[in-house]
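Beneath this line is the structure, given in structure tokens, with notes to follow.
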Amino acid sequence: MERLFQEIALFGPAVAFNIYFAAASIPIGFIFAVFLALGKASPNPLMSRLSRGYIYAFRGSPLFIQFFMLYSLALSFNVSIWKPMGLSWFVLHPLFIGPLVLTLNTAAYTAEIFYGALRAVPRGEVEAARAYGMSRSQQFRRVIWPNLIRLAWPAYTNEVVFLFHATAIVYFALPVIGQQKDLMITAKELFERDYNAFLHFSVAALWFLAVSLVVFFLFGLVYRRLMRHMPAAPGLRFAPKWLR
Amino acid sequence: MNMAQAAAAVAEKWPVVAIRDLHKSFGKLEVLKGISFAASEGEVVSLIGSSGSGKSTMLRCINMLEVPDSGSVAIDGEEIKLHGAGPHRQIADEGQIRRIRSELGMVFQSFNLWAHLTILENVMEAPLIVQKRAHGEVREEALAMLAKVGISEKADAYPAQLSGGQQQRAAIARALCINPRVMLFDEPTSALDPELEVEVLRVIKVLADEGRTMILVTHDMEFARSVSDRVIFLHQGMIEEEGTPEQVFGATKSTRLKQFLNAASHE
Amino acid sequence: MNMAQAAAAVAEKWPVVAIRDLHKSFGKLEVLKGISFAASEGEVVSLIGSSGSGKSTMLRCINMLEVPDSGSVAIDGEEIKLHGAGPHRQIADEGQIRRIRSELGMVFQSFNLWAHLTILENVMEAPLIVQKRAHGEVREEALAMLAKVGISEKADAYPAQLSGGQQQRAAIARALCINPRVMLFDEPTSALDPELEVEVLRVIKVLADEGRTMILVTHDMEFARSVSDRVIFLHQGMIEEEGTPEQVFGATKSTRLKQFLNAASHE
Amino acid sequence: MSEDIAFWLSYLTNGKHLTWYASFQFTIFAALFGGTLAVVFGLIGATLKNSRFFPLRLIGTIYSSIVRGVPDVLFFLFFPLAFEQTVEWFIASQVCTPELIAAQSAAWPPCKEANWFLGTPEYLILASVSLGLVYGAFATNVIHGALRSVPKGQLEAARAYGMSASQLLWRVHIRQMWVYALPGLSNVWMLIIKATSLLSLLQIADIVLWADRLGAPNFLPAVGLVHEDWRWRYYLVLFLFYILVTLLSEKAFEAIMRRAGRGILSEVRG
Amino acid sequence: QETVRIATEGAYAPWNFLDDSGAPAGFEIDLGNAICAQAGLTCEWITNDWDSIIPNLLAGNYDVIMAGMSITDERLETIDFTQNYFPPDPSKFIAAAGSDIDPSALEGKRVGVQGGTIQAAYAEENLGATNTVVSFGTADQAMADLAAGNLDTILADGAYLEPVVTASGGAMEFVGEDVMIGDGVGAGVRKDEAELKATFNDALTALKADGTVDKLIAQWFEGRGPYFAE
Ligand SMILES: Nc1ncnc2c1ncn2[C@@H]1O[C@H](COP(=O)(O)OP(=O)(O)OP(=O)(O)O)[C@@H](O)[C@H]1O
Ligand SMILES: Nc1ncnc2c1ncn2[C@@H]1O[C@H](COP(=O)(O)OP(=O)(O)OP(=O)(O)O)[C@@H](O)[C@H]1O
Ligand SMILES: [Mg+2]
Ligand SMILES: [Mg+2]
């Protein structure tokens, strides 16, 4: 039992890396996703095609491959671009390129969620906004966005949890710098030492589970607040539909 | 009706809404086939006609929720600028249309209140955001409007917590609060149960008696007769008959209108 | 009605369905409060009563789609075995209930044809799967039944491709094809438009005239009068009045039944 | 020019590349076998979740929520190891004598005789089973929901005509369930396809491992063509491969949906 | 004939690599086959990631590791080694030509290593405080980053780096002092496989004595050896 607690504590610093990867990619991915979703819904055929293609490519291929491909791609530009600019250490650092790839990936998944929600925004409410003389940006800010985010929130919560899970493969694809090791690498290294799969992997799993639950709790609070205008706010359920 | 106001309105005869030769098609379906009419200050105009005759489309052309393929719309003497032709016709001046829209108070058949805002916030939204008026003043006026339509106590409730009739009255308050030159109603009671309908019709009646300029699409002939200064009967995208309620309902000339009125009374 | 058959049926008076003192509650709501009746060979019994009076529940207790809290049901003299008491009462013998159910042809209000099977497959399903009869024989009989209800040409269509009236006639063919001792109908026409209703009622009338034992829940008093040997009026879970159509509709005793019949004729 | 073509042709068909192409079979096998297992586990999980017996229902619920609460990679690494050790533990309890255990100097297994060799075929099967278990948890949810979407009346009619519980389940409930489950199962299938990219983590020389080896820079003529870092080109091929496969799968599922939905589809769509 | 499964990494030329036909090749493959021939065994080659090469040996998925693995005290805690078939050899720093790297006073540099190697442990311990140690899954991946300028230097086996420097034609060069770590390269076996270890040792002794090992070293590592000639 004591061994278990020691082990749990041992993983403490490692979980910080997983949380960092998720936390660094979620906000930018969110903003990017809004533009992608609007792009996909845009009447402009070029914009729509591009957004559609992007979303399809990143949802249709494995994140693992995306990591490998984008790292070696970035590496191949090192001599010509990053190095002269003095950005080499930064651009190719796992703590940068990791969140970058995760951002590109989650933006595609999130955009699909937002696109679905965008199409579900009640047309009448938007029409009312138009009829009262709101400009396009006012319509978006005051009517479309509040509806969209409410509709998308449950699915988005799942996406955030699964993005967090996706951080588990970052260091399988990228080099490890010094002692910067996440849950998976820590578990794997411990396992390679004493061959005790049950202990090390279970503890890593516990950490993932615990953080997932915290995310659900926090996002659930937000959801309840978002849905305060509904007579009986539906609860948030752990029911992922589209994942990586 | 307030006698002084009514007299003034009729004396002036200034056309607040003037529509000339509107045409509109959806794909191959020609819905409006050249419609012209004007509504003067303080006048209440009812549009009647069978389903699919183009009443809603007509009304939605006034504030350009649908852009007509040809013809013009002028509000208070100012013509709405459009460019292009046919189905590609577009609004030319976004600033102008926003300004004009904020003088047209539209009330929808299905209310279309903004679900995430309270009733009070719904009413205050357009004056604050579009007309950029001061918060304190708008709030006072909004509360007055809610009192007028009789739902003051629901100011802080959300739309989902109200009955249909209450929601429609809130929607009317929302339209009133932008201080519109003209109120536009598209079958404001047809999504309501008969009992709730009564509440809303009563509020509209009060507005008519106050001398507000209003254009309303309705399927309630009784109500059209009692509230309107002028009734327009649309048939297959054209004005088939037009006149005072007495002329239209009392001394019907068109056989089609006769048929229609007959059918309506048997509903 | 075929006179010879009818005479034989009345002479025998063998109770094909015998129900004794049925009680059934849903949670706190007591829906059936002690109901007993029997239907003899060849008899057509109609259950009438206002909405919520327990007619459907009654009918569903006969084939144990609802298990009664107390009381017994016997089909053709064989009592259905139950164990436990009150809300925990359960079917005791799965084999027995399957055998008995395959002798009761139930026709649902909403048809409940199996959507993934063609009409012919629907009709053949129970004889093949439950009664394990030979394929060729069943097919022949199924086609005959479809001809009888007048939808032979739809044999290979899926239910979704049929009108409501056709679906209900297919459902009747399905019930007939298991060669049931009794047919149970739960408001077989109330999900239908008036025109489609007529088709289905005609088919049921033919069955009644053939001397089939039938228990039917209906809200069509005209039809109940013309087709039934006996009419039972349920009120709040109890049998309020019972007799031949002449007795029930002609010489009504209960004031509640009078009220009900009055309301029904005004519908 | 033609020399160039000949050179590239022979480069792209050398043994190493041919092995790479051949390794696509592992990916395809794992996807198909894992997908089948996912449906099987999904059916079992959904049946458990639907069970009237509380402990079984609990097992079903725990299976579907715990497995989904943990990253697939983690389960992927853990399951084959854990399974191997469990098997070895079981064998050990049968064959190991105290002398043999005393003779054992390594930490695991308890004795040499209890050892179980895992080669590529075994790993491939274990990997597929892991895929099946992980995505079976998702399929459990999909199928559970689909079972509940079948209209009650359809089942009631079956009961009213005397079908037994198993006849009702197989002839009506599960038959109709597919139509409601297909969109969700299509999503699960896409997930499985994408998860096959992780096979190399289990020592299977799969398409990803070969892409890395083929693309890695080489300086020694003795080893093969001397080239710089070409990895991103090889990964681009995989990237496009996966997009193509998901695209084709989507089309295939649409076609299946149209077929399976005969008679029911209008209800689902409408 | 008994079958012995030998694991190698396949990404550490010229020790072991995958040749154009996709099969393992290199010094250790030739040597392993010679050992098996000598001892009358059948060899079966398995490629396995460096990371998990020891755990999978322990798990019994193969019997021997021949993957340029240095004999170290730490590894001896979990597995056994045969006698070395490559003598203790200095590890070296490699860098792009013309870069002013001074490994004796390395500071603020990015040092690449292959994770789980003796060089990785050495770099972490001696250079980790003042430099950035970057560990990769394979040595080839580290080379790719060095070639692309994302690393200042790599620390690896001299015998692995020498052909690279030669083949680079002056683009790469050795820098600074060599470091001695490890007790040479040997074949790893499970601790309970005393018999197999003895078989391998005997075969190696014989192959060293008849010059086969030296011959293979000379063939695969230009200018090295002879080490084991009497
Ligand atoms: N956005 C649209 N796209 C295509 N057709 C449309 C559209 N809006 C309306 N129509 C068609 O135009 C015709 C007239 O519609 P409109 O809504 O103006 O009729 P209405 O007189 O208001 O009828 P109702 O009393 O049923 O509301 C109808 O046939 C309708 O189907
Ligand atoms: N499964 C059930 N659970 C709870 N209450 C039920 C259930 N089935 C029926 N009830 C209730 O039992 C009462 C009688 O229902 P029943 O369907 O037998 O009435 P009915 O006479 O058939 O009425 P109708 O003419 O509307 O079909 C109703 O109040 C109904 O709400
Ligand atoms: Mg309309
Ligand atoms: Mg009923």
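Residue numbers (the working numbering), protein chains in the order written: chain G, 851 to 1094; chain U, 33 to 299; chain Z, 33 to 299; chain L, 1304 to 1573; chain F, 314 to 543.
We put the beta carbon where it would ideally sit given N, CA and C, even for glycine.
- Query: Between residue 77 of chain U and residue 990 of chain G, what straight-line distance do the alpha-carbon atoms span, to the nearest angstrom?
  - Reply: If I take the Cα positions, the gap works out to 34 angstroms.
- Message: Tell me whether residue 81 of chain U, by its Cβ, gets closer than 8 angstroms to a heavy atom of ligand 1.
- Response: Short note on residue 81 of chain U: C-beta closer than 8 angstroms to some heavy atom of ligand 1.
- Partner residues on chain L for residue 360 of chain F, Cβ-Cβ distance less than 7 angstroms: Contact note: residue 360 of chain F reaches chain L through 1508, using a C-beta cutoff of 7 angstroms and chain order.
- Task: Name, please, each residue of chain G whose Cβ falls closer than 7 angstroms to the Cβ of residue 394 of chain F.
- Result: Here the premise fails: no neighbours, minimum Cβ distance about 18 angstroms.
- Which of the residues in the stretch 1455–1469 of chain L, read from start to end, lie with their CB under 8 angstroms from any CB of chain Z? Answer in chain order: 1456, 1457, 1459, 1460, 1461, 1462, 1463, 1464, 1465, 1466, 1467 and 1468.
- Message: Which residue marks the beginning of the beta strand (DSSP E) containing residue 64 of chain Z, and which one marks its end?
- Response: Taken as a continuous stretch (DSSP letters only), the beta strand (DSSP E) holding residue 64 of chain Z covers 61–72.
- Task: Report yes if the C-beta distance between residue 467 of chain F and residue 534 of chain F is below 9 angstroms; otherwise report no.
- Result: No, the pair does not count as a contact, with Cβ atoms beyond the cut-off.
- Buried or exposed: where does residue 229 of chain U fall if 16 or more other Cβ atoms within 10 Å of its Cβ makes it buried? By the neighbour-count rule (16 or more Cβ atoms within 10 Å), residue 229 of chain U is buried.
- Message: What does the alpha-carbon distance come out to for the pair residue 56 of chain Z and residue 254 of chain Z?
- Response: In this structure, the alpha-carbon of residue 56 of chain Z lies about 30 angstroms from that of residue 254 of chain Z.
- Task: Pull up the DSSP beta-bridge partners for residue 265 of chain Z, would you.
- Result: Paired residue(s): Z:80 and Z:273.
- Item | beta strand (DSSP E) runs wholly inside the stretch 1360–1421 of chain L, at least 3 long, in chain order | Annotation note: the stretch 1360–1421 of chain L contains no uninterrupted beta strand (DSSP E) run of length 3 or greater.
- Run through DSSP, which three-state label would residue 93 of chain U get? In the structure shown, residue 93 of chain U sits in a helix (DSSP, three-state: H, G or I).
- Task: State yes or no: is the beta carbon of residue 335 of chain F nearer than 9 angstroms to at least one beta carbon in chain L?
- Result: Chain L has a Cβ within less than 9 angstroms of the Cβ of residue 335 of chain F.
- Measure the alpha-carbon distance for residue 131 of chain Z versus residue 217 of chain Z and round it to whole angstroms. Rounded to whole angstroms, residue 131 of chain Z to residue 217 of chain Z spans 19 angstroms at the Cα level.
- Alpha carbon to alpha carbon, how far is residue 413 of chain F from residue 1428 of chain L? Cα-Cα distance, rounded: 52 angstroms.
- Query: When burial is assigned at 16 or more other CB atoms within 10 Å of the CB, is residue 280 of chain Z buried or exposed?
  - Reply: Residue 280 of chain Z should be labelled buried.
- Who does residue 148 of chain Z pair with in a DSSP beta bridge? BP columns for residue 148 of chain Z are empty, so no partner.
- Message: Please identify the residue among G:866, G:1001 and G:1028 whose C-alpha is closest to the C-alpha of residue 445 of chain F.
- Response: Just measuring C-alpha positions, the residue of G:866, G:1001 and G:1028 sitting nearest residue 445 of chain F is G:1028.
- Query: Can you tell me where the alpha helix (DSSP H) with residue 366 of chain F in it begins and where it stops?
  - Reply: 366–371 is the extent of the alpha helix (DSSP H) around residue 366 of chain F.
- Cβ pair residue 108 of chain U, residue 135 of chain U closer than 9 angstroms: Note that the C-beta distance between residue 108 of chain U and residue 135 of chain U is below 9 angstroms.
- Query: Taking just the CA atoms, how far does residue 1039 of chain G sit from residue 1050 of chain G?
  - Reply: Cα to Cα, the separation comes out at about 9 angstroms.
- Item | Rounded distance between the beta-carbons of residue 450 of chain F and residue 343 of chain F, thought under 8 angstroms | Going by Cβ atoms, the distance from residue 343 of chain F to residue 450 of chain F rounds to 25 angstroms, so no, they are not a contact pair.
- Query: Under 9 angstroms Cβ-Cβ, which residues of chain L neighbour residue 126 of chain Z?
  - Reply: Listed along chain L are 1467 and 1468, each with a C-beta nearer than 9 angstroms to that of residue 126 of chain Z.
- Item | Within chain F, the residues that residue 1321 of chain L reaches when beta carbons sit closer than 9 angstroms | Residue 1321 of chain L reaches chain F at 334 and 335, counting residues in chain order whose Cβ is nearer than 9 angstroms.
- Query: Is the CB of residue 943 of chain G under 9 angstroms away from at least one CB in chain L?
  - Reply: No, its Cβ sits nowhere closer than 9 angstroms to a Cβ of chain L.
- Task: Report buried or exposed for residue 72 of chain Z, applying the criterion of at least 16 other Cβ atoms within 10 angstroms of its Cβ.
- Result: With 16 or more Cβ atoms within 10 Å of its Cβ, residue 72 of chain Z is classed as buried.
- Can you give me the start and stop residues for the beta strand (DSSP E) that residue 56 of chain U sits inside? Its beta strand (DSSP E) spans residues 47–58.
- Item | Start and end residues, beta strand (DSSP E) containing residue 140 of chain U | For residue 140 of chain U, there is no enclosing beta strand (DSSP E), as DSSP marks it with neither H nor E.
- Quick one: which residues of the stretch 160–182 of chain Z get their C-beta closer than 9 angstroms to a C-beta of chain C? List them in chain order. Here chain C cannot be found, since the structure's protein chains are G, U, Z, L and F.
- Query: Mapping DSSP to helix, strand and coil, what is residue 214 of chain U?
  - Reply: Judged by DSSP in its simplified three-state form, residue 214 of chain U adopts strand.
- With 16 as the cutoff for other CB atoms within 10 Å, does residue 1439 of chain L come out buried or exposed? Its Cβ being crowded by 16 or more others within 10 Å, residue 1439 of chain L is buried.
- Query: Closest by CA to residue 225 of chain U, which one among U:92, U:83 and U:200?
  - Reply: Cα-wise, what sits closest to residue 225 of chain U is U:200.
- Residues sharing a beta bridge with residue 329 of chain F, DSSP: F:325.
- Task: May I ask you to list the residues that DSSP assigns as paired with residue 86 of chain U?
- Result: Answer by DSSP bridge pairing: none, since residue 86 of chain U is not bridged.
- residue 142 of chain Z beta carbon near ligand 2 (any heavy atom closer than 8 angstroms): Result no, Cβ not under 8 angstroms from ligand 2.
- Message: Spatial neighbours of residue 86 of chain U within its chain, please: C-beta separation below 7 angstroms, excluding the five flanking residues on both sides.
- Response: 63, 64, 266 and 269.
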